[in-house]
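S.K.:
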Amino acid sequence: MFANYHTHTWRCNHAESDERAYIEAAIAGGMKILGFSDHTPYPGLASWFRMEVGQAPEYFQTVRALRDEYAGRIEIHAGVEAEYYPAHFSELMDLLRQNGCEYMILGQHYLDSETDSLYTANASADDGRLRRYADEVEEGIETGLFTYVAHPDVFHYTGTDEALYRAQMRRICQAANRRNVPLEVNLLGLRMGRCYPARRFWEVAAEENCRAVLGCDAHYPRYLNDPKWEEEARRFLAQFGITPEETVPLVAIG
Ligand SMILES: [Zn+2]
Ligand SMILES: [Zn+2]
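1391 is the number of the first residue of the sequence shown in this note's numbering; add one for each residue after it.
#1: Pairs of beta-carbons, one from the stretch 1573 to 1587 and one from the stretch 1539 to 1550, closer than 8 Å: are there three or more?
#2: Around ligand 2, what residues have a beta-carbon under 5 Å from a heavy atom of it, in chain order?
#3: Quick one: any contact between the stretch 1413 to 1429 and the stretch 1453 to 1472, if contact means 3 or more CB pairs under 8 Å?
#4: Are the C-beta atoms of D1502 and some chain D residue less than 8 Å apart?
#5: For a test of the three-state rule: what should DSSP assign to T1660, helix, strand or coil?
#6: Please look up how many angstroms separate the CB atoms of P1433 and L1485, rounded, as I've assumed it's under 8 Å.
#7: Taking 8 Å as the cut-off, decide whether the C-beta atoms of M1494 and F1439 are in contact.
#8: Do V1575 and L1604 have their C-beta atoms within less than 8 Å of each other?
#9: Please determine, among E1621, L1578 and Y1538, the residue with the shortest C-alpha to C-alpha distance to V1641.
#10: Exposed or buried, what is G1419 when buried is set at 16 or more other beta-carbons lying within 10 Å of its beta-carbon?
#11: Do you know whose CA, among T1505, C1563, M1441 and P1617, lies nearest E1532's CA?
#12: How big is the Cα-Cα spacing for K1618 and D1516?
#13: As a quick exercise: from L1580, R1581, Y1474 and N1599, pick the residue whose alpha carbon is nearest that of L1573.
#14: Give the range of the beta strand (DSSP E) segment to which H1609 is assigned.
#15: Tell me the start and end of each unbroken beta strand (DSSP E) in the stretch 1474 to 1502 that is at least 3 residues and wholly inside, in chain order.
#16: Please indicate yes or no: does the CB of F1626 lie closer than 7 Å to some heavy atom of ligand 1?
#17: Roughly how far, in whole angstroms, is the beta-carbon of A1650 from the beta-carbon of Y1395, given that I think they are within contact range, below 8 Å?
#18: Less than 8 Å between the beta carbons of Q1498 and E1459, yes or no?
#19: Could you give the DSSP three-state label for T1452: helix, strand or coil?
#20: Whose C-beta lies closer than 6 Å to the C-beta of R1561 among residues of the same chain, with five residues either side of it excluded?
#21: Alpha carbon to alpha carbon, how far is R1568 from G1334? Give it in angstroms, no decimals.
#22: Of all the beta strand (DSSP E) runs that stay within the bounds of the stretch 1530 to 1556, which reach a length of 3 or more residues?
#23: Check G1583 in the structure and name its three-state DSSP category.
Okay, here's the thing in structure tokens:
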């Protein structure tokens, strides 16, 4: 894979290894651009699956030091994967800007500032939750601050209203097009047989001519050097006539 912008580290409590191990795996796999996007620290929220606010300076400093050390061998970027939670978002942006964060990808793992404690990839037949997911992702895209949408199809809708599902996903696709934001085919979901990437989502994305990008969502270094799942992801997208973009211009958050 030429570029990957979706990489985690040990700090989020559910990924392994430090940055150097990810960088070495990426280089071994022939990668030329590697973006770190660990689960963002979120002021006002202390979820188990993200680093703490106090860890932000060390995270960004570490990635920047390695970017300089590896210059000429691989291009490295320091970003985060973040949910869009309006009540905490301006505080988040202050924190990220203070720390020199280069880019954000939007990964809506929970709804409503995590007061709704159900992971969006857990089965839900609730039409209202489905609508809120689309509302929040659309609003997040409309901030113009996200480089791309990670697993836009993470919401695991098991309700009976298929037309509603498609209409809500179409809103996300159309918002992405308005803002010229690519949508990610998530290699972790594919590898693990999760609900995403979701065929019915990508049928809609194809109808809307959305831009697409592959994301390793690496929680282990070896996932950065794994041609099998890259190939699977390309085959998955090809079914819908979609070719992923090899690089994505980072949206500066400053
Ligand atoms: Zn994760
Ligand atoms: Zn991720």
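Even for Gly, the Cβ is constructed at its ideal location relative to N, Cα and C. This one's a predicted model, so the numbers in the text were calculated from it and none came from an experiment.
M.R.: The answer reads as follows:
#1: The way I'd put it, the stretch 1573 to 1587 does touch the stretch 1539 to 1550; three or more beta-carbon pairs between them come closer than 8 Å.
#2: Cβ-based neighbours of ligand 2 within the cut-off: E1471 and D1607.
#3: By the Cβ criterion, the stretch 1413 to 1429 is in contact with the stretch 1453 to 1472, since at least three pairs of Cβ atoms, one from each stretch, lie closer than 8 Å.
#4: Among the chains in the structure shown there is no chain D, since it carries only a single protein chain.
#5: For residue 1660 there is no data in the structure shown, the boundaries of the chain being 1391 and 1644.
#6: Taking the first residue of the sequence shown as 1, we reach residue 1433 at position 43. Taking the first residue of the sequence shown as 1, we reach residue 1485 at position 95. Indeed they touch by this definition, with Cβ atoms about 6 Å apart.
#7: For the purposes of this step, residue 1494 is taken as residue 104 along the sequence shown, with counting starting at 1. For the purposes of this step, residue 1439 is taken as residue 49 along the sequence shown, with counting starting at 1. Taking 8 Å as the Cβ cut-off, M1494 and F1439 do not qualify as a contacting pair.
#8: Residue mapping note: residue 1575 aligns to position 185 of the sequence shown, counting from 1. Residue mapping note: residue 1604 aligns to position 214 of the sequence shown, counting from 1. Yes, the Cβ-Cβ distance between V1575 and L1604 is below 8 Å.
#9: Mapped onto the sequence shown, residue 1641 falls at position 251. For the residues E1621, L1578 and Y1538, the minimum Cα distance to V1641 belongs to Y1538.
#10: Sequence index remark: in the sequence shown, residue 1419 carries index 29 (1-based). Per the 10 Å Cβ criterion, buried.
#11: The sequence position of residue 1532 within the sequence shown is 142, counting from 1. Proximity to E1532 across T1505, C1563, M1441 and P1617 peaks at C1563, based on C-alpha coordinates.
#12: Position 228 of the sequence shown, counting from 1, holds the residue named residue 1618. Position 126 of the sequence shown, counting from 1, holds the residue named residue 1516. Going by the C-alpha atoms only, they are around 35 Å apart.
#13: Locating residue 1573 in the sequence shown gives position 183, where the first residue counts as 1. Of the candidates L1580, R1581, Y1474 and N1599, the one whose C-alpha sits nearest the C-alpha of L1573 is N1599.
#14: In the sequence shown, the residue the question calls residue 1609 occupies position 219. It is not in any beta strand (DSSP E) - H1609 carries neither H nor E in the DSSP assignment.
#15: Runs found: 1493 to 1496.
#16: Here residue 1626 refers to the residue found at position 236 when the sequence shown is read from its first residue. The answer is no for F1626.
#17: Given that the chain is displayed from residue 1391 to residue 1644, the structure contains no residue 1650 and the question cannot be resolved.
#18: Here residue 1498 refers to the residue found at position 108 of the sequence shown. Here residue 1459 refers to the residue found at position 69 of the sequence shown. Not closer than 8 Å, so no.
#19: Looking up residue 1452 in the sequence shown gives position 62. In this structure, T1452 counts as helix in the three-state DSSP scheme.
#20: Here residue 1561 refers to the residue found at position 171 of the sequence shown. Excluding sequence positions up to five before and after R1561, its CB lies within less than 6 Å of the CB of A1524 and E1528, all in the same chain and listed in chain order.
#21: A question about residue 1334 goes unanswered here, because the residues of the chain that appear run from 1391 up to 1644.
#22: Counting whole runs of 3 or more residues, the stretch 1530 to 1556 contains no beta strand (DSSP E) stretch at all.
#23: Sequence index remark: in the sequence shown, residue 1583 carries index 193 (1-based). Here G1583 carries a coil assignment [DSSP, helix/strand/coil].
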